[in-house]
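Numbering (our numbering), first residue to last: 2 to 286. Beta carbons are placed, not taken as given, at the ideal position from N, Cα and C, and that holds for glycine. As the structure is a computational prediction, the values presented were derived from the model and not from experiment.
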Amino acid sequence: MSTAPAIGAAQGADGTSQPTGFGALIAALTPLDRADGSTAGLTTELPENWTQGRTAYGGLSAALCVEAARRMAADLPPLRSGQFAFAGPAAGRLDIRPELVRRGRSAATMAVALDGDQGPAVRALLTYGAARDSRVGHDSLAAPDVAGPDDCPAFFPSGGGPRFAANMEMRLAAGNRPLAGGDPAFWLWVRHRAPDGADPLTALVALADSPPPAAMVGFPAPAPISTMTWTLDLLGDPGDDPGVWRLLHSVSEQAGHGYSAQAMTLWDADRRPLAVARQMVALFT
């Protein structure tokens, strides 16, 4: 097998350690070779500045699965849906192995296994489908009338938030911050700080699960959380620029017995819907 490169930090011109941006993280993925020399997938070492506690956050793990599938089968139709089960910590060396389950005339299914130092971390099922003519069309996902990102305050206070959040800009457009109390919902403008060279869809997947769970609005004090499952349905073209602003809504619809069920919606800067998602989160408070 290939040896995963250590990309925890790059060296700046002054010799100081520089955090790994999203574009550099994706560029550092290298082939994972089988004993016969064929390629089984991708491998890398998780940079420390992309961690949430002891592991990669869910959106990054999902994005790595999507990227591995994209590189293995570049002629796939557009990704329509992804289901992700987070079985264990995605930490240390990450090996990502995509497998084509089936391909038909207009649709395809890929399964992706992401393993970390402690074993199975993520199991993903990705569904692709070609566009077709249809007489059915409607859209009930109107974006809210909120201020643009330049007129919204930072979501996290200076130096706050999980470690990986420093790689992104997050602006609070409406709703409540974690620990603030009130309705467990918020609308954020989000974008990557350094996504140059990354595939726009891969970058979008990483953004779509970047904020903390909406249930944390009601936390009385900081406490751990863990995403168990995430379903992401893609609705629109992410465009060509992986670094543009996206508007994200997250709401906890029900919480109890230590779990929260939440819904998420993502729009582009022109308020066109890009994705919807559902998530089950374990709450340790």
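Inset, instruction - Using the Cα positions of Gly176 and Arg81, report the straight-line distance between them to the nearest angstrom. - result: Sequence index remark: in the sequence shown, residue 176 carries index 175 (1-based). Sequence index remark: in the sequence shown, residue 81 carries index 80 (1-based). Cα to Cα, Gly176 sits roughly 29 Å from Arg81.
Legend entry - Closest Cα partner of Met217 within the set Ser253, Cys66, Leu173: On the sequence shown, residue 217 is found 216 positions in, with the first residue counted as 1. Measuring from the Cα of Met217, the nearest candidate turns out to be Ser253.
Legend entry - Cα-Cα separation, Ser227 to Pro158: If you number the sequence shown from 1, residue 227 lands on position 226. If you number the sequence shown from 1, residue 158 lands on position 157. Rounded to whole angstroms, the separation of the alpha carbons of Pro158 and Ser227 is 22 Å.
Legend entry - Cα-Cα separation, Val102 to Val147: On the sequence shown, residue 102 is found 101 positions in, with the first residue counted as 1. On the sequence shown, residue 147 is found 146 positions in, with the first residue counted as 1. Cα-Cα distance, rounded: 42 Å.
Inset, instruction - With a floor of 3 residues, list each beta strand (DSSP E) that falls wholly inside the segment 89-134, ordered by position along the chain. - result: DSSP assignment within the segment 89-134 yields the following whole beta strand (DSSP E) runs of 3 residues or more, N-terminal first: 94-104, 108-117, 120-130.
Legend entry - Residue range of the unbroken alpha helix (DSSP H) whose run includes Leu33: Counting from 1 along the sequence shown, the entry for residue 33 is found at position 32. For Leu33, no alpha helix (DSSP H) segment is defined; the enclosing uninterrupted segment is the beta strand (DSSP E) at 31-34.
Inset, instruction - Identify whether Ala256 lies in helix, strand or coil by the three-state DSSP scheme. - result: Position 255 of the sequence shown, counted from the start, is the residue given in the question as residue 256. DSSP places Ala256 in strand when its eight states are reduced to three.
Legend entry - Residue closest to Glu68, alpha-carbon to alpha-carbon, out of Ala174, Asp37, Pro201, Glu49: Locating residue 68 in the sequence shown gives position 67, counting from the first residue. The shortest Cα separation from Glu68 among Ala174, Asp37, Pro201, Glu49 belongs to Pro201.
Legend entry - Separation of Leu235 from His139, as counted between CA atoms: As a working note, residue 139 is residue 138 in the sequence shown. As a working note, residue 235 is residue 234 in the sequence shown. Approximately 15 Å, taken between the alpha carbons.
Legend entry - Buried versus exposed, by CB contacts within 10 Å (16 or more), Val123: For the purposes of this step, residue 123 is taken as the residue at position 122 of the sequence shown. Buried: at least 16 other Cβ atoms inside 10 Å.
Legend entry - C-alpha gap between Met265 and Trp188, whole angstroms: The sequence position of residue 265 within the sequence shown is 264, counting from 1. The sequence position of residue 188 within the sequence shown is 187, counting from 1. Computed Cα separation, rounded: 10 Å.
Legend entry - Ala207, enclosing alpha helix (DSSP H) - first and last residue: Here residue 207 refers to the residue found at position 206 when the sequence shown is read from its first residue. Judged by DSSP secondary structure, Ala207 falls within the alpha helix (DSSP H) whose first and last residues are 201-209.
Inset, instruction - With DSSP collapsed to three states, give me the class of Arg247. - result: Residue mapping note: residue 247 aligns to position 246 of the sequence shown, counting from 1. Strand.
Legend entry - Within the segment 168-237, ranges of the alpha helix (DSSP H) (whole runs, at least 4 residues): Counting whole runs of 4 or more residues, the segment 168-237 contains the alpha helix (DSSP H) stretches 201-209.
Inset, instruction - Just confirm the distance between the C-beta atoms of Val277 and Ala64, as a whole number of angstroms; I'd bet it's less than 8 Å. - result: Stepping through the sequence shown from its first residue, residue 277 is reached at position 276. Stepping through the sequence shown from its first residue, residue 64 is reached at position 63. Val277 to Ala64, Cβ: 17 Å. No contact.
Legend entry - Local Cβ density within 10 Å of Thr40, reported as buried at 16 or more and exposed below that: For the purposes of this step, residue 40 is taken as the residue at position 39 of the sequence shown. Thr40 comes out exposed.
Inset, instruction - Assuming Leu127 contacts Gly83 (C-beta within less than 8 Å), just tell me the rounded distance between them. - result: In the sequence shown, residue 127 corresponds to position 126, counting from 1. In the sequence shown, residue 83 corresponds to position 82, counting from 1. Contact check for Leu127 and Gly83: beta-carbon distance about 5 Å, within the 8 Å limit, so the pair qualifies.
Legend entry - Beta carbon of Leu249 nearer than 7 Å to that of Val191: The count along the sequence shown starts at 1 and reaches residue 249 at position 248. The count along the sequence shown starts at 1 and reaches residue 191 at position 190. Their beta carbons are under 7 Å apart, which means Leu249 touches Val191 by this criterion.
Inset, instruction - With Gly42 as the anchor, note down where its beta strand (DSSP E) starts and where it stops. - result: Along the sequence shown, one-based indexing puts residue 42 at 41. Start and end: 40-46.
Legend entry - Cβ neighbour criterion (16 or more within 10 Å) applied to Arg178: One-based indexing of the sequence shown puts residue 178 at position 177. Counting of Cβ neighbours within 10 angstroms places Arg178 among the buried residues, the total reaching 16 or more.
Inset, instruction - Would you decide whether Arg133 is buried or exposed? Buried here means 16 or more other CB atoms lie within 10 Å of its CB. - result: On the sequence shown, residue 133 is found 132 positions in, with the first residue counted as 1. Arg133 is exposed by the Cβ-count criterion.
Legend entry - Residue nearest to Leu180 in terms of C-alpha spacing, selected from Pro214, Gly117, Arg247: Along the sequence shown, one-based indexing puts residue 180 at 179. For Leu180, the closest alpha carbon among the candidates Pro214, Gly117, Arg247 is that of Pro214.
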